[in-house]
Amino acid sequence: VDYRQKAAAAGRIPTNYLRRELGSTDKEILTSRVIDRSIRPLFPAGYFYDTQILCNLLAVDGVNDPDVLAINGASAALALSDIPWNGPIGAVRVGLVDGEPVINPTRKEMASSALNLVVAGAPQSQVVMLEATAENILQQDFCHAIKVGVKQTQQIIQGIQQLVKERGVAKRTVQKLFLAPEEIVELAKKLASNKIYAVFTDSSHDKISRDEAINKIRLETEEQLKEKFPEAEPYEIMESFNVVSKDIFRNLVLNEYRRCDGRDLTSLRDIKCEVNMFKMLHGSALFQRGQTQVLCTVTFDSLESSVKSDVISTAVSGIKDKNFMLHYEFPPYATNEIGKVTGMNRRELGHGALAERALKPVIPQDFPFTIRVTSEVLESNGSSSMASACGGSLALMDAGVPVSSAVAGVAIGLVTKCSQGKGEIEDYRLLTDILGIEDYYGDMDFKMAGTNKGITALQVDLKLPGIPIKIVVEAIQQATAAKREILQIMNQTLAKPRPNRKESGPVVETIHVPLSKRLRFVGPGAYNLKKLQAQTGVTVSQLDEETYSVFAPTPGAMHEAREFIGEICKDDQEVNLEFGAIYTATITEIRDSGVMVKLYPNMTPVLLHNSQLDQRKIKHPSALGLEVGQEIQVKYFGRDPTDGRMRLSRKILQSSASSTLKTLTDKNSIVLGGAVPQTSTSSQ
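See below:
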């Protein structure tokens, strides 16, 4: 599935160099994944023919988010095609405004919604896919929102069914479904059942040894099957062994309530947590659950480093700049494999987005830094995205981020027994904290994260063409109990955020620069600010007309920045000058256009233009016999409102009566640290 946002749909032109749509954005990839997860479970078993769905956004009103419409559009397109598919499905977004569920809320309503839930439903009120972000809402409110959402999807399904009926679409007859033949499966069962059962019931195996033992049995069995069925296709031999392995694994859970690692159905794996792994990092944590191990780090940077949204995403979906991000990395060695290390793939982006959504509700809105959490999976055997949420929560608290509560996540699996013919679920088992093999052989990957109080994120992927709401509610209850147990273990390592950030962390201060001194502080073409950044790594950003924010990556850099700013501004003192008063000025430089003068010793020289030197028109100051060091009297006419420069005149004194001569003593300067300087008075 590929979902693409077209700039023309939002009435915009792309802002890149070529002014056209280039690669997919994160939003497009995540939406593509949601559509894929909604429709994939309804394809018939053994259907492996290439099928592509393209969702192109043609027009957008800027009020409604088009992602839910794309799911329904994909459903309608498949239902109206001759492609074998057991749909249709319907999808709605559910918000929670003032405690009440709102179906397909507008962008404005979503701004005040505590819930962003996308529900994909199948006929007979079955759930196919769930994707949710929540502001720590209660379990009962969440379950109610799902029920309301599933009910609304039925209307969409009925509408698509009516459309299909009117069109009279006939599905094509598939030439071949890639399924294992019964006779080969029966022989594989006789040859390998006992051996496979022995491996799956031996809880001493870890992931690698179990995989090696099963592969050894696989190779032996496949050789025997090839001898017996020499004309069979390779996939038929391989699939027959897979069917036998899957049946044995599932029957263990269904009939004997046993899991391959010896746990009961609701037990967690052993959990170990460690924080402050590396002293130089702003925050770090290691979270290990069984054979899943994740290292999370936290980095602070200036608010200027926040993720900037492109104009198209803003126009289409209302996406704004964000100053909290979580990046998930899954290297090949995490599963004991080799592989080409390229850019981020769709899976990594989706897992990172889920963990980010889990943590975002507990991050304070007014935090003065951009926060980046990196989650590197060092070892994986199930649910590394939920381990990233747990490790990320610990790393944030280790870094001193005042999170409102700790967050933990867990994955719940499902094994079902369906009736012959009808395909209805007769029996099922829910599994807490699933292994990779339980995800592979099971029917559901249900991930939920939240605090002790409520839920912050949820993602449900199914391999079945739908499950009843009852199973979803049970899974939420089971996940809630597991989540609280995990939080208790995490709290033993670090129960609350550290009161202070680390000494190696960044520093932010504000600096007050009077309007008249801005040019001196910034420098021509922002030369001073660029030089400051090049020398110290410190960045300066303007907050308002006279206030700047100074960000330093370390306290040492801030100390250097203070010295640098003090150096460029040390001569830039200012006194309170009286409008219309006459002052004695000292000439510091002769220029073709006029003379540079100072009214007091530590003042930055200002230009007294030729036109203001004398009543007569002169081309050069030397015509008046002016020299460097000479003192002249000038009249002060305030400052230019546009650039803050002093307006002085000598010419006016040659025609007007003399006024009181002023002398200057009191001074003040640019202040670092946020205090606004008090204006001083001049003495006569």
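Heads up: take any position in the sequence shown, counting from 1, add 87, and you land on our numbering. Built from N, CA and C at the ideal position, the CB exists for glycine as well. Keep in mind that this is a model prediction, so the values were computed, not measured.
Just to confirm the assignment, what range does the beta strand (DSSP E) spanning residue i have?
i, result
"V215", "213–224"
"E596", "594–599"
"R799", "This structure gives no information on residue 799, because the portion of the chain shown stretches from 88 to 771."
"Q546", "542–549"
"F608", "Where F608 is concerned, there is no enclosing beta strand (DSSP E), although the alpha helix (DSSP H) it sits in stretches over 605–609."
"N103", "Unbroken run through N103: none, as it is neither H nor E."
"A178", "177–184"
"F67", "One cannot answer for residue 67 here, as it falls past the ends of the chain, which runs 88 to 771."
"E424", "Here E424 belongs to no beta strand (DSSP E), and DSSP marks it neither H nor E."
"R734", "733–736"
"I669", "669–677"
"V155", "Note, V155: premise wrong, no beta strand (DSSP E); alpha helix (DSSP H) at 154–167."
"K534", "531–537"
For residue i, count the other beta carbons within 10 Å of its own beta carbon; 16 or more makes it buried, fewer makes it exposed. Which is it?
i, result
"V256", "exposed"
"P317", "exposed"
"A644", "buried"
"M531", "buried"
"G98", "exposed"
"E590", "exposed"
"M367", "exposed"
"D152", "buried"
"T752", "Interpretation of T752 is limited by its pLDDT of 46, a score under 50 that renders its predicted location unreliable; no figure is taken from the coordinates."
"Y614", "exposed"
"S770", "Residue placement at S770 cannot be trusted, given a pLDDT of 37 that sits under 50; the coordinates are not used to answer."
"N159", "buried"
"T102", "exposed"
"L264", "exposed"
"Q92", "buried"
"A762", "The pLDDT assigned to A762 is 45, lower than 50, so where the model puts this residue is not dependable; a value taken from the coordinates is nonetheless given after this. Under this definition A762 is an exposed residue."
"T429", "exposed"
For the putative contact between residue i and residue j, defined by C-beta atoms under 8 Å, what is the C-beta separation to the nearest angstrom?
i, j, result
"S628", "E391", "6 Å"
"Q717", "I674", "5 Å"
"G592", "F387", "6 Å"
"V625", "A648", "4 Å"
"S680", "N697", "6 Å"
"V155", "V237", "With a Cβ gap of about 14 Å, V155 and V237 do not count as contacting."
"A267", "E310", "About 17 Å; that fails the 8 Å criterion."
"V88", "S111", "Their Cβ separation, rounded to whole angstroms, is 11 Å, which puts V88 and S111 out of contact at 8 Å."
"E676", "V715", "7 Å"
"S290", "D348", "5 Å"
Taking a contact to mean a Cβ-Cβ separation below 7 Å, would you say residue i touches residue j in this structure?
i, j, result
"T519", "Q565", "yes"
"P522", "G478", "The amino acid occupying residue 522 in the given sequence is Leu; Pro does not appear at that position. No; because the gap between Cβ atoms is not below 7 Å, this pair is not in contact."
"A536", "V494", "yes"
"D408", "S393", "yes"
"Y779", "C142", "No answer is possible for residue 779: it lies beyond the span of the chain, which begins at 88 and ends at 771."
"R337", "V502", "yes"
"V44", "P131", "The question about residue 44 has no answer here: the residues shown for the chain are numbered 88 through 771."
"I224", "A198", "no"
"D701", "L713", "no"
"V235", "P192", "no"
"T422", "S462", "no"
"I190", "A161", "no"
"A440", "L117", "yes"
"K534", "M577", "no"
"A178", "A146", "no"
"G553", "A209", "yes"
"T642", "V594", "Looking at the sequence itself, residue 642 is Pro, so the reference to Thr does not match. Yes, Cβ-Cβ distance for P642 and V594 is below 7 Å."
Can you tell me where the alpha helix (DSSP H) with residue i in it begins and where it stops?
i, result
"I556", "556–580"
"Y322", "321–343"
"Y284", "269–287"
"G681", "Not the alpha helix (DSSP H): G681 falls in the beta strand (DSSP E), residues 681–685."
"F651", "642–656"
"K704", "Unbroken run through K704: none, as it is neither H nor E."
"H438", "433–446"
"Q139", "First-last for Q139: undefined, no H or E at that position."
"D485", "471–485"
"G523", "523–528"
Using a Cβ-Cβ distance under 7 Å, would residue i count as near chain C?
i, result
"R607", "In the structure shown, chain C does not exist; there is a single protein chain."
Sufficient close CB pairs (3 or more, under 8 Å) joining the region 540–551 to the region 442–462: yes
I'd like to know if the region 594–612 and the region 631–650 are in contact, where contact means that at least 3 CB-CB pairs between them fall below 8 Å. yes
Three or more C-beta pairs below 8 Å linking the region 353–366 and the region 471–486: yes
At a cut of 8 Å, does the region 296–306 reach the region 274–283 through at least three beta carbon pairs? By the Cβ test, the region 296–306 is in contact with the region 274–283, since at least three Cβ pairs between them sit closer than 8 Å.
Can at least three beta-carbon pairs, one atom from the region 257–266 and one from the region 167–185, be found at a separation below 8 Å? yes
For the structure I just gave you, are there three or more beta carbon pairs, one from the region 432–440 and one from the region 370–388, closer than 8 Å? no
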